[in-house]
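Residue numbers (the working numbering): 253 to 352.
Backbone N, C-alpha and C define an ideal beta-carbon position, used for all residues, glycine too.
Note that the coordinates shown come from a computational prediction; the quantities given were computed from them, not determined experimentally.
This report refers to the structure that appears directly beneath it.
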């Protein structure tokens, strides 16, 4: 797998991060819809790389940090900013932990 293929996987996974419905306090929430390796391969991504990322021991921890991102943001933070922060979590996890 090349660095370009890994960046494509990262971008795909960042797209799995979406804003959810507001919680009971009115704050935005973030969701992560975990894709299957098959769905990622159908999107034209490197199949082996997809399997490796999804099977990584840190993947569940990454998802947990993504969905708890709003908890670490200021209450008045714009929803789009919170979403950008959550998507940045995906990129940081992959950059720091995934070995080509």
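Is residue i buried or exposed, if buried means 16 or more other CB atoms sit within 10 Å of its CB?
i           : result
residue 352 : exposed
residue 301 : buried
residue 254 : exposed
residue 339 : buried
residue 321 : buried
Would you mind working out which of the options sits nearest residue i, comparing C-alpha positions?
i           : options               : result
residue 318 : 259, 265, 257 and 256 : 265
residue 281 : 291, 335, 346 and 344 : 335
residue 292 : 314, 325, 257 and 315 : 257
residue 278 : 330, 347, 348 and 260 : 330
residue 316 : 341, 297 and 326      : 341
Is the beta carbon of residue i sitting closer than 8 Å to the one on residue j?
i           : j           : result
residue 284 : residue 305 : no
residue 343 : residue 262 : yes
residue 337 : residue 310 : no
residue 350 : residue 295 : no
residue 289 : residue 299 : yes
Would you identify the three-state DSSP class for residue i, choosing helix, strand or coil?
i           : result
residue 271 : strand
residue 258 : helix
residue 326 : coil
residue 264 : helix
residue 351 : coil
* To do: Kindly provide the ranges of any alpha helix (DSSP H) runs that are 4 or more residues long and lie completely inside the region 276-319, ordered along the chain.
  => 289-294, 299-307 and 311-319
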